[in-house]
Structures are given as structure tokens and as C-alpha cells.
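Some notes on the structure that comes next.
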Amino acid sequence: MAKNRILIVDDEPAVRFGIRDFLELQGYEIEEAETCQDARHLFSNSRPDIVIADYMLPDLLPRLKEIDPEIPLLVLTAHGSIDLAVKAIKEGAEQFLTKPIEMSALQVILQRLLETQRRHHKHLASKSRRVRQAIDPFIGTSSAIRLLADQARKILTSESPVLILGETGSGKGVLARWLHENSPRAEEAFVDLNCAGLSRELLETELFGHQKGAFTSATSSKQGLFEVAHRGTVFLDEVGDVDLQIQPKLLKVLEDKRFRRVGDVIDQQVDVRLIAATHQDIGQLVRQKKFRDDLYFRISTIPLSFPPLRKRIDDIPVVAQYLLDKVSADLGRGQIQLDDDCLKALQAYAWPGNVRELRNVIERALLLSEEKSIGLKDLNFDGHANLGALTLDSRLTLLQLEKQHIQRVLDEERGRVEKAANRLGIPRSSLYQKIKKHQITMPKA
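So for the sequence shown, the numbering used here puts the first residue at 266; every next one is plus one.
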């Protein structure tokens, strides 16, 4: 493992020798400079891990910080005073020591500075990795996705709750994480929970935690997600499924920033931003008395609607290639392309599972193909027949592809419009309109 490199800058040879002799015994690699010019040259060429410098050398600190502001500076002086220390720190010094130097104190300070620097580099690497791995929720140029992107960017600094509306698989979770990663809370926790299918008891303890002995199986205390996410973001997916008895406690968190663990008698303070999402019509749930109106009004302070993939057909080629590049990179496959017939088939499909289904189709095609291009024969739409069986070619228009696909689904469903509409992911009324527009022959049941 490489040794940590220390640059010592002092015009007194005895001081440099004393520090060098001690630090080399501690395993450091040492370089020395007597003048500011020598110091700047060594600093530029060798990039030390830490600089130990005499403060009396004129303009040294600002010059070094101009070259590399990330390298810690430890300042030495024979004339210690509070005013001098404050001035040195304002000029960029991380620490300040007076001469004669206590070598044990110097060693402690160096270890602390190096550990801080390691944590900083680790943080930067982690942040860079998150940026590389993050999925852009706004891929495409359609007016629907551009409008969503514009709305989302306007609320990044807001602390108000956000409600993301959209069909299953459209990208609500990706958008929620993007909002967190680009908010002032980005360095804090992002905690998510899918509320669908959870019992009232399980959901309550997951959100708010419980005290030891609160119920039979509570053999120890447990933190809830709101505690874990303190100062960060909580994302509740399928919030429309939250039990009516839990909803008042959720409202209390939003209104008062307070909650109580199950089995506890003391409220706890918490600072979180809530992002919720649902594919349901919560307004309808409110009218049916299945969702509290006061909670609905609170969580929907900022509503965002994620458009379904079938409403932005022109975006499908770029979204598909983006996902293909991601999956291909994960599998180490290099650059893979989608051919023209494949793209037309992707645009003709209704995508009831939206972007999530598109990713599944792309990943399946990539795993089963060894070619450098994904073609029509490689596509299989979540259990439905391979589209290679369709008589599609590059001469067909998008409308012709749509007609052919609708005709096929209607044939497979033996003319049952409601079932065909569900498979196509469109309302029954829209399917009737397309049948009329394309003059499709209805099969006999």
C-alpha cells in the first residue's frame, strides 16, 4: 500500500529535519521545501496528501489552495494567537499548531486530517457512482415528459409533500428517488415502502416502529421508517392502500412532525419530506370513504402525473435504447442496437406494464440473443407470443402496425372487447374508436 506523502514547507532547516525525522519513523513519505517557489513546484508535481507549512511564508496558503483546494493545510507558527489562527483558517488552513511542536499532537492531527480526507474521497466516489447508476426519469422529447421534467425541477427545493400519479410501472419510484437525489436532503436517507398488501398491524410497525412488549412477538424495540429517515425522505408507494386507521397517524407526522411508536406513550419528533405515489384515483377513494380527505389534501400539495408509455409513442425508441445500454453495461455485453423492425414493433405495442415491462422485454431479448443487434425475432412481450410471427416489415406504417396488433389481440380474445382492451392497456371506449378508425373486422366469439 502506498505511503501517505507529506510536504513540509519551512525556511528553518532544523524545524524541517525534526518533523521529517519523526514522521518518517511513523511510515510517512516526506518532501521538503524551503521557499514558496519550491513549495508551489513540489505541490503541483507531486500532489501531497497533506502540507505542513510555516505561516510566515508570504501568500503561501492562498497560492496552494489555488492549485488544489482539496489538499489539507496544517499551519505552523512561532507566534500563536487567536487572531492569527482565525486568519490562517480563513486563508484555507485546516489546523493550526504553534512552535515548538509536540510531535505526539502532530501525529494525532495528521491521522485525523487523513481520515477526514479518506471519508471525503469515499463520499465523492459514492456520489459519482450513484450518478452513474441513477436512471433518468425524463428520457424522451415528448411534450408530456418535458412538462413533467419542468414541473419536477421547479419543486426540488420545496419541503412540501409530493403525490406522484401514474400507472403501474410508469416510473413513479424512479421519479421519487430523482426528487430526493436532487433535493437539499440528498445526503440523508431515502427510505421507501410499498404499502400495497400490508396488513394494518404490519404497516403501522413498519412506519412508526414499536416498543419492546407492545405485542406478543415484540421481543425488542424497533425503529420505524420515519425514525430511520430523519432529515431525509420517505417514499410511500401505493399510498392509496394505507389502512384508514393508520391515516390519522400519517397525517400527524405531516402536520406536527411528530409520531408515536406502537406501545409507546411518548411522542417523538421527526423531520422528513414525504413523497407518495399511487396508480389509483384517490379522489374516488375519498368519495367512497376509503381515504381521508384531510390526508389527501395534505399529501397532494404538489401533484405530479407520470404519463403512460403508450401516451408518448415517439419516446419509445430512445427509452428502449437507454434501457438497453443500461442492461448491456451491467451484463458486460458492449454496444447493442435495436433494429428498425424491432423499434416499430415496440412502438406498436400498448405497454400495459409501461417502462417496467419495456425493461423486462429488453433484458429478456438481450439475454436470449448473442447478436450485436436486437431484432423482431428476439422480442417476447411478457408471456405473449413472439412478435416475429407477425407479418411486420419496415414498409409498414405505425398505423398499420397498430391495426395489425389490435386485430391479433381481438382474434386471440375471440372478440371480447373488454379483455382485449385490458391487454392493450387502453379504455374500452378507446378500443371501440380504434376498431372503427381501422375498420377492423370483429371475430366471432
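All C-beta atoms, glycine included, are put in the ideal place defined by N, C-alpha and C. On a predicted model such as this, the values are computed, not experimentally measured, just so you know.
Just the C-alpha distance for residue i and residue j, rounded to the nearest angstrom, thanks.
i, j, result
"Asp506", "Leu666", "38 Å"
"Thr656", "Arg629", "Residue confidence is low: Thr656 scores 44 on pLDDT, short of 50, so the model does not pin down where it sits. No coordinate-derived value is stated."
"Ser464", "Thr543", "18 Å"
"Asp676", "Met707", "8 Å"
"Thr342", "Ile315", "17 Å"
"Ala318", "Arg496", "39 Å"
"Ser482", "Ile564", "32 Å"
"Ile526", "Glu466", "At residue 526 the sequence reads Arg, which differs from the Ile that was named. C-alpha separation (whole angstroms): 12 Å."
"Leu490", "Glu520", "17 Å"
"Pro337", "Arg442", "34 Å"
"Ser593", "Ser425", "38 Å"
"Asp559", "Leu516", "8 Å"
"Arg557", "Gln534", "23 Å"
"Ala613", "Thr498", "38 Å"
"Asp606", "Asn625", "19 Å"
"Arg552", "Ile410", "30 Å"
Terminal residues of the continuous alpha helix (DSSP H) containing residue i?
i, result
"Leu501", "Looking at the DSSP string, Leu501 is not in any alpha helix (DSSP H); the run it does join, the beta strand (DSSP E), is Thr498 to Asp502."
"Ser593", "Ile581 to Leu596"
"Ile671", "Leu663 to Glu677"
"Ile627", "Asn619 to Leu633"
"Ala304", "Cys301 to Ser311"
"Val493", "Leu490 to Val493"
"Gln549", "Ile547 to Arg552"
Reducing DSSP to helix, strand and coil, say where residue i ends up.
i, result
"Ile691", "coil"
"Ile332", "helix"
"Asn447", "coil"
"Asn645", "strand"
"Pro568", "strand"
"Val537", "coil"
"Thr484", "coil"
"Leu463", "coil"
"Leu421", "coil"
"Leu603", "strand"
"Gln704", "coil"
"Phe524", "strand"
"Gly474", "strand"
"Ile366", "coil"
"Ile511", "coil"
"Ala654", "Here Ala654 scores only 41 on pLDDT, less than 50, and its place in the model should not be relied on; the value that follows carries that caveat. DSSP places Ala654 in helix when its eight states are reduced to three."
"Ile639", "strand"
"Glu380", "helix"
"Tyr614", "coil"
"Ala279", "helix"
"Val518", "helix"
"His385", "helix"
"Val530", "coil"
"Gly505", "helix"
"Gln416", "helix"
"Gln372", "helix"
"Gly434", "coil"
According to DSSP, which residues form a beta bridge with residue i?
i, result
"Gln360", "Leu339"
"Leu428", "Ala541 and Pro568"
"Phe455", "Thr498"
"Glu296", "Leu272"
"Ser408", "Ser408 pairs with nothing; no bridge assigned."
Which stretch, first to last residue, makes up the beta strand (DSSP E) that contains residue i?
i, result
"Ala318", "Ile315 to Asp319"
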